[in-house]
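Heads up, the final residue of the sequence shown is numbered 342 in my numbering, and it's a clean run with no missing numbers.
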Amino acid sequence: MASNIGMMDSAYFVGRNEILTWINNRLQLNLTRIEEAASGAVQCQMMDMTYPGVVPMHKVNFDAKTEYDMIQNYKVLQDVFNKLKIEKHIEVNKLVKSRPLDNLEFLQWLKRYCDSVNGGIMNENYNPVERRIKGGKDRSSKGSLKTAKSLQSNNMHNSASGDPFGLSKMSGPKQGRGSAVRGGANSSAEIETLSKEIADLKLSVDQLEKERDFYFAKLRDIELLCQTPELEDLPMAVAIKKILYAADAKESALEEAQEYLYEAMNNGEAEDEA
69 MASNIGMMDS AYFVGRNEIL TWINNRLQLN LTRIEEAASG AVQCQMMDMT
119 YPGVVPMHKV NFDAKTEYDM IQNYKVLQDV FNKLKIEKHI EVNKLVKSRP
169 LDNLEFLQWL KRYCDSVNGG IMNENYNPVE RRIKGGKDRS SKGSLKTAKS
219 LQSNNMHNSA SGDPFGLSKM SGPKQGRGSA VRGGANSSAE IETLSKEIAD
269 LKLSVDQLEK ERDFYFAKLR DIELLCQTPE LEDLPMAVAI KKILYAADAK
319 ESALEEAQEY LYEAMNNGEA EDEA
């Protein structure tokens with residue numbers, strides 16, 4: 069299984085457009101940006117399609133906008149991973165920030181994992197729209213019940229205090245027209261500032277992605293060089309591949325490669341002396 073794959077695996081060379089097409093085709097969605105999958109709901113439903121019935125879809129919130137709601141979705145996903153014994157750490161704190169690069173890497177891993185189950189064959193009997201609607205209905209009914217109870221409790225409290233219509237909580241006199249104009253001007257200024265910040269962030273993201281692609285290309289060239297038949301068995305090539313193919317959580321890759329290279333060199337010297 070692809071529960072733990074190295075950063076040089078081909079999975080991490082899958083582009084954004086291919087990932088979005090994969091998601092949209094399978095789940096009948098219309099995502100246009102990687103960030104739109106940051107809530108974790110898409111990932112939950114992908115696992116639901118791969119392992120029907122394992123994901124409690126009524127707990128998945130496709131309308132999650134706040135970090136709190138997104139975290140709840142990732143908790144559901146982590147529970148599913150634990151149930152299936154998938155050893156994959158979910159960096160929730162990074163993913164809920166909606167940063168394209170972090171979410172792209174996680175979706176690249178997810179695609180590789182789903183493709184490794186049953187050869188990536190889609191479940192023809194799976195209806196993604198129906199599964200989302202059912203989950204949404206369950207959440208809506210529970211939310212409506214909680215709201216009704218809350219309103220009933222408030223009405224009882226207001227009646228006991230002699231304020232049956234809750235008039236005491238109504239706002240005071242309306243603000244003047246001048247205040248509204250000033251508020252509108254402030255809002256426009258804030259919108260303009262935020263728009264500029266968004267544009268700067270997008271530019272930074274583009275630059276980071278170009279830099280990432282640049283270094284990935286170099287690593288890929290090194291990998292191809294080490295796979296050359298005449299070189300692939302040389303100690304240095306083997307040591308480099310140990311670093312390239314190390315799992316994400318493996319911190320001792322460099323030490324392991326150095327130890328292997330040291331032993332190979334010592335064995336080589338011993339053979340020469342013999």
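Here a beta-carbon is modelled for each residue, glycine too, at the ideal position from N, C-alpha and C.
**Message:** Just to confirm the assignment, what range does the alpha helix (DSSP H) spanning S184 have?
**Reply:** For the purposes of this step, residue 184 is taken as residue 116 along the sequence shown, with counting starting at 1. Boundaries of the alpha helix (DSSP H) harbouring S184: P168 to S184, taken from the DSSP string.
**Cβ-Cβ distance between V128 and Q146 below 9 Å** = Within the sequence shown, residue 128 is the residue found at index 60, counting from 1. Within the sequence shown, residue 146 is the residue found at index 78, counting from 1. Taking the C-beta atoms as reference points, Q146 is found no nearer than 9 Å to V128.
**Message:** Can you look up A132 in the DSSP assignment and give me helix, strand or coil?
**Reply:** By one-based count along the sequence shown, residue 132 stands at place 64. A132 falls in the coil class under three-state DSSP.
**Message:** Using CA atoms only, rank isn't needed, just tell me which of A305, S263 and E277 is closest to L329.
**Reply:** Here residue 329 refers to the residue found at position 261 of the sequence shown. Minimum Cα-Cα distance from L329 among the listed residues A305, S263 and E277 corresponds to A305.
**Message:** Could you tell me the alpha carbon to alpha carbon distance between E260 and E279, rounded to whole angstroms?
**Reply:** Start at 1 with the first residue of the sequence shown, and residue 260 comes out as number 192. Start at 1 with the first residue of the sequence shown, and residue 279 comes out as number 211. If you take the alpha carbons of E260 and E279, they lie about 29 Å apart.
**Asked** Got a sec? Which residues, its chain only, sit under 6 Å from E135 by beta carbon, not counting five neighbours each side?
**Response** Residue mapping note: residue 135 aligns to position 67 of the sequence shown, counting from 1. Hits under 6 Å: V164.
**Asked** Hey, E300 and K286: beta-carbon distance below 9 Å or not?
**Response** As a working mapping, residue 300 is identified with position 232 in the sequence shown. As a working mapping, residue 286 is identified with position 218 in the sequence shown. With contacts defined by Cβ atoms closer than 9 Å, E300 and K286 do not form a contacting pair.
**Request:** Report all residues from its chain with a CB closer than 6 Å to the CB of P297; omit the five preceding and five following residues, and keep chain order.
**Result:** Here residue 297 refers to the residue found at position 229 of the sequence shown. If we look at P297 and ignore the five residues flanking it on each side, it has no Cβ neighbours.
**Message:** Going by DSSP in three states, A109 sits in which element: helix, strand or coil?
**Reply:** For this step, residue 109 is matched to residue 41 along the sequence shown. Secondary structure at A109: helix, using DSSP grouped into helix, strand and coil.
**Message:** Are the CB atoms of A106 and N171 within a distance shorter than 9 Å?
**Reply:** For the purposes of this step, residue 171 is taken as the residue at position 103 of the sequence shown. For the purposes of this step, residue 106 is taken as the residue at position 38 of the sequence shown. For N171 and A106, yes; Cβs fall inside 9 Å.
**Asked** Can the beta-carbon of M190 be found less than 9 Å from the beta-carbon of V148?
**Response** What you label residue 190 is simply residue 122 of the sequence shown in a count that begins at 1. What you label residue 148 is simply residue 80 of the sequence shown in a count that begins at 1. Not a contact, by the Cβ cut-off of 9 Å.
**Message:** Is it buried or exposed, Q275, if we count other Cβ atoms within 10 angstroms and call 16 or more buried?
**Reply:** Mapped onto the sequence shown, residue 275 falls at position 207. The residue in question, Q275, is exposed, as its Cβ has fewer than 16 Cβ neighbours within 10 Å.
**Request:** Could you tell me if K173 is buried or exposed, where buried requires 16 or more neighbouring beta carbons within 10 angstroms of its beta carbon?
**Result:** Mapped onto the sequence shown, residue 173 falls at position 105. The sequence as given places Glu at residue 173; Lys does not occur at that position. Burial call: buried.
**Asked** Just how far apart, CA to CA, sit E324 and K179?
**Response** Numbered from 1 along the sequence shown, position 256 holds the residue referred to as residue 324. Numbered from 1 along the sequence shown, position 111 holds the residue referred to as residue 179. Distance between the alpha carbons of E324 and K179 is about 30 Å.
**Request:** Can you grab the Cα-Cα spacing for the pair C294 / E341, in whole Å?
**Result:** Within the sequence shown, the letter at position 226 stands for residue 294. Within the sequence shown, the letter at position 273 stands for residue 341. Cα to Cα, the separation comes out at about 28 Å.
**Message:** Taking the beta carbon of Q96 as the centre, do at least 16 other beta carbons fall within 10 Å, making it buried, or is it exposed?
**Reply:** Translated into the one-based positions of the sequence shown, residue 96 becomes position 28. Exposed, because fewer than 16 other Cβ atoms sit within 10 Å of the Cβ of Q96.
**Prompt:** When the Cα atoms are used, what is the spatial distance from I311 to V273?
**Reply:** On the sequence shown, position 243 is the one that residue 311 refers to. On the sequence shown, position 205 is the one that residue 273 refers to. Each residue's alpha carbon lies about 27 Å from the other.
**Prompt:** Using the C-alpha atoms, what's the distance from P303 back to E327?
**Reply:** For the purposes of this step, residue 327 is taken as residue 259 along the sequence shown, with counting starting at 1. For the purposes of this step, residue 303 is taken as residue 235 along the sequence shown, with counting starting at 1. E327 and P303 have their C-alpha atoms spaced approximately 11 Å apart.
**Prompt:** Taking Cβ positions, are Y194 and L152 nearer each other than 9 Å?
**Reply:** Within the sequence shown, residue 194 is the residue found at index 126, counting from 1. Within the sequence shown, residue 152 is the residue found at index 84, counting from 1. In this structure, Y194 keeps its C-beta atom at 9 Å or more from the C-beta atom of L152.
**Message:** Quick check: what's the CA-CA separation for T89 versus A307?
**Reply:** As a working note, residue 89 is residue 21 in the sequence shown. As a working note, residue 307 is residue 239 in the sequence shown. Distance from the CA atom of T89 to the CA atom of A307, rounded to whole angstroms, is 37 Å.
**Burial state of I87, where buried means 16 or more other Cβ atoms lie within 10 Å** = Mapped onto the sequence shown, residue 87 falls at position 19. Buried: at least 16 other Cβ atoms inside 10 Å.
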